[in-house]
Every structure is written in C-alpha cells, then in structure tokens.
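Counting in the numbering used here, the sequence shown tops out at residue 364, every number present.
Think of the CB as a built atom: it goes at the ideal place given N, C-alpha and C, for glycine as much as any other residue.
Here's the structure, in structure tokens; my notes come after.
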Amino acid sequence: MPPLQTLTIPKPDDWHLHLRDGAMLKAVLPYTASHFARAVVMPNLKPAITTTAAAAAYRERIREALPPHMTFTPLMTAYLTDTIDPDDLERGFKEGILFAAKLYPAGATTNSDQGVTDIQAISDILDRLQKIDMPLLIHGEVADPAVDFFDRETVFIDRVLIPLRRNFPALRIVMEHITTRYAANYIVSEAQSSHGKLAATVTAHHMRINRNALFEGGLNPHHFCLPVAKREEDRQAVIAAATSGAPMFFAGTDSAPHPRTAKESSHGLGGVFSAPNALALYAETFEKAGSLDRLENFLSLNGPAFYGLPVNAASLKLEKRAAPEEPLKSILTEEAQEVIAFPTESRLSWRVALKEPL
Ligand code: NCD
Ligand code: ZN
Numbered sequence: 007m008p009p010l011q012t013l014t015i016p017k018p019d020d021w022h023l024h025l026r027d028g029a030m031l032k033a034v035l036p037y038t039a040s041h042f043a044r045a046v047v048m049p050n051l052k053p054a055i056t057t058t059a060a061a062a063a064y065r066e067r068i069r070e071a072l073p074p075h076m077t078f079t080p081l082m083t084a085y086l087t088d089t090i091d092p093d094d095l096e097r098g099f100k101e102g103i104l105f106a107a108k109l110y111p112a113g114a115t116t117n118s119d120q121g122v123t124d125i126q127a128i129s130d131i132l133d134r135l136q137k138i139d140m141p142l143l144i145h146g147e148v149a150d151p152a153v154d155f156f157d158r159e160t161v162f163i164d165r166v167l168i169p170l171r172r173n174f175p176a177l178r179i180v181m182e183h184i185t186t187r188y189a190a191n192y193i194v195s196e197a198q199s200s201h202g203k204l205a206a207t208v209t210a211h212h213m214r215i216n217r218n219a220l221f222e223g224g225l226n227p228h229h230f231c232l233p234v235a236k237r238e239e240d241r242q243a244v245i246a247a248a249t250s251g252a253p254m255f256f257a258g259t260d261s262a263p264h265p266r267t268a269k270e271s272s273h274g275l276g277g278v279f280s281a282p283n284a285l286a287l288y289a290e291t292f293e294k295a296g297s298l299d300r301l302e303n304f305l306s307l308n309g310p311a312f313y314g315l316p317v318n319a320a321s322l323k324l325e326k327r328a329a330p331e332e333p334l335k336s337i338l339t340e341e342a343q344e345v346i347a348f349p350t351e352s353r354l355s356w357r358v359a360l361k362e363p364l
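Set out below in structure tokens:
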C-alpha cells in the first residue's frame with residue numbers, strides 16, 4: 007500500500023549516542039549510520055576515552071566497523087575525569103579529533119565510575135573549555151544517595167548547573183537527555199541570558215514513556231534508562247519543549263545498547279537501544295503533538311545551528327504507513343548476544359524509507 011504521507015528532510019544527526027566497541031559496535035552502527043549523517047559518540051567505554059589519542063583510535067575503529075556502502079561521521083568526545091589534561095583536550099579539539107567534552111558526575115550512570123567527583127576540582131578544565139569554545143555535554147544528574155532517584159535531574163540543575171553557568175557564563179553547554187518539566191522550563195527561561203550557548207537534547211524514548219512503563223505488567227528492565235523516565239506531566243512538558251521549534255532543543259537518542267542478559271538481571275543496566283526506531287518514534291510524537299512541520303528543526307536544523315556546522319546535504323524520507331507496523335524487536339551481535347530494541351510493546355506508523363535495505 008502507498009504511504010499515507012511522506013516527509014523529506016535534510017538527513018538528521020544524533021547529538022548523543024552510545025556505539026560501544028567490538029562486536030557490539032559492529033552490530034549497532036548500521037542502524038545509526040543508515041538514518042543519521044553524524045552522531046556525537048559517547049566516551050563511556052571501559053576504560054573510558056579520556057585522551058585525544060584514545061578518541062582518535064576509537065574513531066578509527068568506528069570507521070572500520072562501518073559497512074562500505076554507508077557514509078557516517080562520528081563526532082568524538084572526551085570523558086572528563088578529576089585528572090584529565092586540559093592541554094591534551096585543547097590539542098584534540100583544535101586538531102578536529104575531539105568535538106566536545108562529556109561530564110559524567112561519578113556514579114550517576116552506566117560506566118561513570120571514572121567521572122568527576124567534584125565539579126569545583128575541575129575548574130581549570132572548565133576554564134579551558136570556555137576559552138576555546140569547546141562544548142561541554144552534561145549528564146545532568148546528581149549521584150548523591152540522599153537525593154530521591156527521580157529528583158536527580160532537578161537537584162543537579164539547582165546544585166550544579168546554575169552555579170556552573172554563573173562561574174562560566176560563556177561556556178557552551180548541552181544539558182543532555184532532559185526528562186523533567188523543571189529542566190525544560192529552565193532551558194527556555196535561560197534562552198535570553200545564554201546567548202545561544204545553552205541547549206538540551208531530548209530522546210525518543212523519554213517522549214514516548216513515563217515512569218509507569220517501568221512497572222506496567224511487572225518490572226520491565228527494557229524501559230530502564232538514565233535519567234529514569236519521570237511523571238506524565240514531565241513527559242508532556244518535554245514534548246512541548248521539543249516540538250515547539252525552539253532552537254535550543256534537538257535530537258539526541260541516547261541509544262545505549264546492552265546485551266539482553268545484562269538488562270534482564272538483578273542490577274540490570276540502564277540504557278535502551280533505540281537507534282533502529284528513533285526517527286519513527288520522533289515522527290510519531292511530533293505528529294501527535296500537531297507539530298510535524300517542526301520535526302525538521304528538531305532533527306536536522308537546530309543541532310547544526312547550535313554547533314556552527316553545516317546542515318547535511320543528503321536528505322532522508324519518512325513515510326507514514328497506511329497501517330502501523332511491528333518495529334524491529336531485537337538484533338544479534340556476531341558473538342550471539344541479543345539486544346532488545348525500543349519500543350518493545352507497540353507498533354509504529356512512521357518509518358524511514360531507505361533507498362537501500364540494511
Ligand atoms: C547509558 C549507557 O548505557 O552507557 N545509559 C543510559 O541509561 N542512558 C549511559 C548514559 O547516557 O547515561
Ligand atoms: Zn547516554
């Protein structure tokens with residue numbers, strides 16, 4: 007059956023992505039590279055990517071893992087630690103190897119144990135980033151065990167982000183994967199004072215599920231990611247922000263694959279693998295919000311404008327199917343590890359129309 011509707015936009019970018027390494031990298035990369043021209047690649051490998059040399063080597067492994075008929079640009083990040091070398095960061099940035107620096111508060115999420123223990127202790131690094139206009143990408147959650155798990159993002163804004171922006175007013179900051187009304191309002195309220203230097207990414211899954219999805223029908227580890235999904239009112243506020251067309255919101259899937267066995271276990275890991283279905287999910291969300299005309303801003307225009315990069319010359323076609331279809335449910339790595347894809351429980355009415363099948 008012919009599609010009900012099509013939408014052609016400049017090829018999108020994914021401004022927050024986990025590609026992992028080895029067999030997992032090889033298995034997941036085609037799903038991103040077929041839909042996105044560029045992606046900001048997270049550095050939380052084990053060991054973490056903390057130097058320019060490690061980022062260059064990782065970028066090479068990504069290039070080698072890319073199927074020969076695909077084009078894709080990985081934008082590399084450095085994982086900030088208490089002892090990272092600012093001269094190396096600057097060199098990597100100026101040589102075009104490093105695209106941004108990533109702040110993980112120690113203990114806040116998967117593979118963040120090498121992260122920053124005290125933001126005050128890295129003020130020389132932040133000073134350098136500000137000086138050279140190297141973007142700081144923030145996992146905005148406190149890891150303080152005294153703070154309620156669902157309040158980690160809100161408390162981070164008050165305790166860390168507000169003082170940080172006061173001390174480094176010209177620092178280019180992305181608050182990643184926002185999940186709360188509080189965060190969405192904060193970003194909007196700072197639009198004037200930040201002079202285009204404060205933005206936020208939004209995932210497809212946080213616009214799709216609220217925290218009930220963790221518990222419906224029994225504890226569901228495939229809906230567990232960090233930051234954890236919040237209340238319905240938060241989800242609605244995040245959707246309103248992302249679909250508003252405002253330039254400081256853009257797509258970052260935070261697609262974060264883990265083997266099924268690592269998800270379906272005690273101490274199951276945070277992270278959902280959304281890369282294959284993310285664009286369809288974003289399209290559905292925007293359509294439901296009556297904002298399909300703004301999808302292009304969110305997926306393809308706002309990110310490049312924030313980072314001062316060209317919009318991708320290639321284009322991508324999305325189609326609305328006459329009848330919703332089962333999305334891709336799972337993939338297998340070469341090492342026979344199964345990875346469950348998000349969403350696990352629903353059909354999708356949009357899909358990417360690919361010229362060549364994967
Ligand atoms: C990410 C991962 O698995 O690396 N997990 C997640 O729940 N999003 C880490 C992160 O981005 O927080
Ligand atoms: Zn992430």
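Out of 325, 281, 301, 343, point me to the one whose CA is closest to residue 22's CA. 281
Mind listing, in chain order, the residues whose beta carbon lies closer than 6 Å to a non-hydrogen atom of the ligand ZN? A Cβ closer than 6 Å to some heavy atom of the ligand ZN marks a residue here, and those residues are 22, 24, 48, 260, 262.
First and last residue of the alpha helix (DSSP H) that includes residue 129? First-last of the alpha helix (DSSP H) with residue 129: 129 to 138.
Give me, in chain order, the residues of the same chain whose beta-carbon lies closer than 6 Å to that of residue 32; leave out the 5 immediate sequence neighbours on both sides. 71
Quick check: the Cα distance between residue 245 and residue 138, rounded to an integer number of angstroms? 33 Å
Within 10 angstroms of the Cβ of residue 118, are there 16 or more other Cβ atoms? Answer buried if so, exposed if not. buried
Distance between residue 69 and residue 129 (C-alpha atoms, nearest Å): 34 Å
Member of 298, 14, 28, 81 whose CA lies at the smallest distance from the CA of residue 341: 28
Provide the residue span of the alpha helix (DSSP H) that contains residue 213, from first to last. First-last of the alpha helix (DSSP H) with residue 213: 210 to 214.
Distance, residue 316 Cα to residue 209 Cα: Roughly 22 Å between the two C-alpha positions.
Does the ligand NCD have a heavy atom nearer than 7 Å to the CB of residue 264? In this structure, residue 264 has its beta carbon less than 7 Å from a heavy atom of the ligand NCD.
Where residue 20 falls, given that 16 or more other Cβ within 10 Å makes a residue buried: buried
Runs of 4 residues minimum, wholly inside the stretch 43 to 123: which ones carry the alpha helix (DSSP H) assignment? 58 to 71, 92 to 100
Say yes only if the C-beta of residue 232 is nearer than 7 Å to one or more non-hydrogen atoms of the ligand NCD, and no if none qualify. Remark: the C-beta of residue 232 is in contact range of the ligand NCD, defined as less than 7 Å to any heavy atom.
Within 8 Å, strictly: CB atoms of residue 67 and residue 82: No; because the gap between Cβ atoms is not below 8 Å, this pair is not in contact.
Nearest to residue 177 by CA position, among 106, 334, 156, is which residue? 106
Contact test: residue 117 Cβ vs the ligand NCD heavy atom, cutoff 7 Å: yes
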